[in-house]
Amino acid sequence: MAGTGIFTEILDGEVYKYYSDGEWRTSSSGKSVAIVNPATRKTQYKVQACTQEEVNKVMEMAKSAQKSWAKTPLWKRAELLHKAAAILKDNKAPIAESLVKEIAKPAKDSVTEVVRSGDLISYCAEEGVRILGEGKFLLSDSFPGNERTKYCLTSKIPLGVVLAIPPFNYPVNLAVSKIAPALIAGNSLVLKPPTQGAVSCLHMVHCFHLAGFPKGLISCITGKGSEIGDFLTMHPAVNCISFTGGDTGISISKKAGMIPLQMELGGKDACIVLEDADLDLVASNIIKGGFSYSGQRCTAVKVVLVMESVADELVEKVKAKVAKLTVGPPEENCDITAVVSESSANFIEGLVMDAKEKGATFCQEYKREGNLIWPLLLDNVRPDMRIAWEEPFGPVLPVLRISSVEEGINHCNASNFGLQGCVFTKDINKAMLISDAMETGTVQINSAPARGPDHFPFQGLKDSGIGSQGVTNSINLMTKVKTTVINLPTPSYSMGDGFISRL
Ligand code: NAP
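Going by this note's numbering, the sequence shown opens with residue 342, and the numbers climb by one from there.
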């Protein structure tokens with residue numbers, strides 16, 4: 342059970358502690374932030390509302406701990422990460438339980454998220470020892486006008502303090518996807534978890550604590566992003582921000598100083614369906630892509646752009662599958678569970694009502710109870726409807742009928758987002774041309790968009806992000822290149838004769 346067994350020390354009465362300088366602490370603010378269970382709409386947990394002084398302290402410790410961590414051999418850093426991964430996987434049950442209760446993720450998917458996170462930490466440790474153990478050797482005579490008098494050695498060095506801010510929908514996975522690359526690369530790490538998802542993150546951080554990382558190297562500051570966020574992101578001690586979330590990322594990037602930013606933001610992933618597509622395959626992928634975790638995924642299919650000639654058949658197939666989706670509590674592994682908050686449910690409802698007023702075809706009746714919204718497919722959506730462009734982050738999926746592939750590509754490219762997209766066709770040549778034409782970070786051919794496997798590069802264009810994720814890209818982003826140049830008094834060529842006379 343959450344907060345018991347090896348996790349007892351992270352709880353103070355009914356409020357979870359924050360983690361600073363290798364210890365679990367109660368905030369001097371005397372205040373807490375409530376985490377509301379999306380399904381019951383009752384307060385499930387409470388976390389500390391940390392103060393600016395506590396942030397200052399954490400940053401000071403992170404700066405000092407990083408100096409000695411950067412001198413810790415790479416293999417030892419990897420060893421500790423492997424240990425943390427094993428502890429995390431061994432304790433998947435209480436962490437998954439918190440995910441169920443604070444973000445209403447179906448129980449089975451919650452366990453998968455924790456296991457996947459352990460695997461990601463281990464993969465990162467392995468990748469780190471390889472890519473950080475390699476540098477480059479450059480010779481000066483390849484550039485015009487130079488002799489071979491300079492040998493340039495490059496290596497990757499850490500940035501310093503990395504601030505990690507994940508979103509609610511994959512709080513554990515998207516936290517470790519920042520923590521593990523930062524640590525293997527020799528950085529220290531300050532985590533600000535999402536409020537919905539904070540308790541799962543605190544449990545995950547305790548696994549790093551138990552693995553024996555040095556004091557101050559990892560910290561976890563809790564509190565509302567709207568209250569503590571600016572102070573964290575504009576803190577002078579921060580050398581890199583890795584953020585995943587919505588538009589907040591755009592405002593952070595405007596305020597942050599001259600530091601590397603990794604921003605993974607929203608998406609409006611389009612699914613373009615051509616006339617020759619395997620419609621059964623498309624329908625299953627629309628269900629998986631559009632409705633998994635109730636559509637609350639950055640890479641969810643968020644608009645279907647289908648050729649008019651096959652639209653009726655596709656809509657019928659999807660409708661039949663929507664009817665089979667189960668709706669209810671996450672504990673019972675229902676396909677569709679409550680969305681994360683009442684404001685989120687209200688926002689989704691606003692999009693649905695706008696589509697209704699403007700004449701979209703409702704393939705099911707719109708139904709909502711509290712934060713629980715039944716899956717809804719909206720056919721005959723037109724570009725003047727908000728749902729054609731905005732990200733519902735809920736179980737509502739618009740279908741736009743198109744009369745040409747160009748129309749589909751133009752719709753996709755007119756979006757301010759550019760995260761992923763997908764195209765369904767049996768013609769691989771066409772698929773490649775469409776992929777090239779789509780302005781998105783990734784295009785999936787004959788499958789729904791997806792972030793994983795976690796070592797694949799993952800990036801958004803336009804308002805969907807800056808930088809690229811995936812294990813290797815994250816390690817590279819959290820390091821910089823350092824060079825040392827050896828200057829020789831005279832040119833030297835390998836195997837060149839007459840070297841004695843040049844000495
Ligand atoms: P969000 O509201 O932007 O919040 C993300 C994180 O930012 C949370 O930890 C939040 O803390 C924090 N935050 C809020 N205000 C802040 C501020 N002023 N300064 C610093 N941090 C602040 O996003 P969300 O609702 O959790 O997640 C949904 C969004 O994330 C969707 O748009 C989705 O597409 C996107 N997403 C993108 C990816 C990707 O990889 N591209 C992956 C998953 C999700 P609090 O919870 O305390 O407010």
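Where a beta carbon is used, it is the ideal one built from N, C-alpha and C, also for glycine.
Under a 10 Å Cβ-count criterion, G598 is classified as exposed, with fewer than 16 other Cβ atoms of the shown protein chains found around its own Cβ.
Relative to the ligand NAP, N514 has its C-beta separated by 7 Å or more from all heavy atoms. Looking only at L713, V722 and L515, the smallest Cα-Cα distance to G538 is reached by L515. Under DSSP, A505 forms a beta bridge with L532 and S583. Taking 7 Å as the cut-off, the C-beta of T574 counts as close to a heavy atom of the ligand NAP.
Between the alpha carbons of G811 and S567 lies a gap of roughly 28 Å.
Counting C-beta pairs with one atom in each stretch, the segment 526–535 and the segment 500–511 have three or more that are closer than 8 Å, which means they touch. The DSSP assignment places complete beta strand (DSSP E) segments of no fewer than 3 residues inside the segment 637–723 at 644–648 and 717–720, in order along the chain. Taken from the Cβ of Q393, every heavy atom of the ligand NAP lies 7 Å or farther away. K556 sits away from D353, with the two beta carbons spaced by 8 Å or more. Annotated three-state conformation of Y464 is helix, per DSSP. If you draw a 10 Å sphere on the C-beta of M694, you find fewer than 16 other C-beta atoms in it, and that means exposed.
The beta carbons of D720 and T702 sit about 4 Å from each other, so the pair counts as a contact at 8 Å. The shortest CA-to-CA distance from R742 to any of V826, V722 and K771 is the one to V722. Inclusion of L415 and T824 in the CB contact set at 8 Å is not warranted, their separation being larger than that value. Within a 10 Å sphere around the beta-carbon of K609 sit 16 or more other beta-carbons, which makes this residue buried. Proximity of the beta carbon of N510 to the ligand NAP is indicated: a heavy atom of the ligand is located closer than 7 Å. Taking 8 Å as the cut-off, the Cβ atoms of I351 and L500 do not count as close. DSSP places M342 outside any beta strand (DSSP E), giving it a letter other than H or E. Annotation: E443 to P724 spans about 35 Å, alpha carbon to alpha carbon.
Counting only runs of 3+ residues, no beta strand (DSSP E) is found wholly inside the segment 790–822. Beta-bridge pairing by DSSP links D353 to V356. Per DSSP, the continuous beta strand (DSSP E) segment holding T384 begins and ends at T384 to Q389. Taking 8 Å as the cut-off, the beta carbon of G564 is found closer than this to the beta carbon of V374. A distance of 8 Å or more separates the beta carbons of R489 and S776. The criterion of a C-beta distance shorter than 8 Å is satisfied by T640 and R792. The residue from T831, I807 and H796 with its alpha-carbon nearest to that of E468 is H796. For E605, the uninterrupted beta strand (DSSP E) run begins and ends at L602 to E605, by DSSP. Between I628 and C612, the gap from beta carbon to beta carbon reaches 8 Å or more.
Here S541 is near L440, since their CB atoms are less than 8 Å apart. The C-alpha of G459 lies about 32 Å from the C-alpha of E394. In this structure, G608 has its beta carbon less than 7 Å from a heavy atom of the ligand NAP.
Distances taken from the Cβ of L760 to the heavy atoms of the ligand NAP include one shorter than 7 Å. Residue V822 holds the alpha-carbon nearest to the alpha-carbon of K497 among S835, H550 and V822. In this structure, L422 keeps its C-beta atom at 8 Å or more from the C-beta atom of A523. For the options D571, N814 and L774, the alpha carbon positioned closest to that of K519 is the one of N814.
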